[in-house]
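What follows is a single structure, written as structure tokens, with notes after it.
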Amino acid sequence: MDRDTLVKKLKKKANIIRKDILKMIFKANSGHPAGALGMADVFSVLYFHEMEHEPRNPYWIDRDRLVLSNGHICPVRYSAMARSGYFHPHELKTLRRLGSRLQGHPSYVDLPAVESSSGSLGQGLSIAVGMALAAKLDKKDYKVYCVMSDGELDEGSSWEAINAAHKFGLDNLIVIVDRNFIQISGETEGIWPLEPLDKKFEAHNWNVLKSSGHDFNELLEVFETANNSDKPVVIIAKTVPGKGVSFMEGRFEWHGRPPNKEELKQALLELKNGGSQK
Ligand SMILES: Cc1ncc(C[n+]2csc(CCOP(=O)(O)OP(=O)(O)O)c2C)c(N)n1
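Structure representation (structure tokens):
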């Protein structure tokens, strides 16, 4: 498939994912739209291009692993999984229901290929480091991806894991930081400043790549570079929280609030027309 066709396909998938996210969170009347919508483009690239996986064989031993550390944005992952064939998209409407496999914070016991339960922030990277080390010890070629939020980098455990990845030479580990500059109660730089984030990773001997989280050509290129890294690699993906919906974009207030009926209607209309172009 040529690059233009691929980009068109990935954009289309991301738009479907965004609509799913909004419908799921509306139906559950609870959830986290901003981070999920902001990462829809990255998840489209991961599930429909980048990862080696077999949706119909979720326990395939050589599959690439994806640890979602910031578990609260899981609607983006559930939609990408459903749309790539892990389960029927009808199941998406069970988000956050008692007994559903699609819990508000993912449960790996319930849903194959979720790889790890998450929700308690600051733990996923340590889990991913363990998985990447296991791959090395088992002489396996699969890669371990870890999606994490910028808010999680407030936590010391993240930096221990970053150090460990260098110590063990984990060139099979690709971390994607959702750099959306927001967390639950405001902007990251006001609450717990992280900059210069690139230099901090570099100081821990990581390969640091930066990309827009929404430009598909840039994302494809940055993943290509990441695949050839001889060190643990982080992609700092600059994303717009709430991306695609004009009244959610850039607003931390949408971190954890569901849309009401009118808001859902307007958001879906915007996405039908290709999403906010702000
Ligand atoms: C260890 C832990 N502390 C607190 C929380 C509560 N919490 C849930 S989301 C969140 C904000 C984290 O910021 P970020 O992940 O950057 O959020 P987003 O970008 O999705 O807005 C907090 C503090 C948690 N889930 N886990």
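Following the working numbering, the numbering of the sequence shown begins with 122 at its first residue and continues without gaps. The beta-carbon is built from N, C-alpha and C at its ideal position, and this holds for glycine as well. Fair warning: this is a prediction, and the values are worked out from it, not measured in the lab.
Is ASN326 near ligand 1, with its Cβ less than 7 Å from a heavy atom? No, Cβ of ASN326 sits at least 7 Å from all heavy atoms of ligand 1.
CB of GLU273 to nearest heavy atom of ligand 1: below 7 Å? yes
Assumed close pair ASN301, PRO362 - CB separation to whole angstroms, cut-off 8 Å: 4 Å
How is the alpha helix (DSSP H) around ARG186 delimited, first residue to last? Looking at the DSSP string, ARG186 is not in any alpha helix (DSSP H); the run it does join, the beta strand (DSSP E), is 186 to 189.
Using DSSP with H/G/I as helix, E/B as strand and the rest coil, what is GLN304? DSSP places GLN304 in the strand class (E or B) of the three-state scheme.
Is TYR266 helix, strand or coil when you go by DSSP? Annotated three-state conformation of TYR266 is strand, per DSSP.
Cβ of ASP336 within 8 Å of Cβ of ASP299? no
What are the boundary residues of the beta strand (DSSP E) that includes ILE356? First-last of the beta strand (DSSP E) with ILE356: 354 to 359.
First through last residue of the beta strand (DSSP E) which encompasses LYS288: Element bounds for LYS288: not the beta strand (DSSP E) but the alpha helix (DSSP H), 277 to 288.
In whole angstroms, what separates the C-alpha of SER415 from that of GLU308? Residue numbering for the chain in the displayed model covers 122 to 399; residue 415 lies beyond these limits and cannot be assessed.
For ligand 1, I want to know if GLY245 counts as a neighbour, meaning its beta carbon is within less than 7 Å of at least one of the ligand's heavy atoms. no
So is the beta-carbon of GLN224 under 7 Å away from any non-hydrogen atom of ligand 1? no
Apply the 10 Å Cβ neighbour rule to ASN349 and answer buried if 16 or more other Cβ atoms are within range, or exposed otherwise. exposed
HIS325 and HIS287 look like a contact to me (Cβ under 8 Å); what is the Cβ gap, rounded to whole Å? 6 Å
Pick helix, strand or coil for ASN136, following the three-state DSSP scheme. helix
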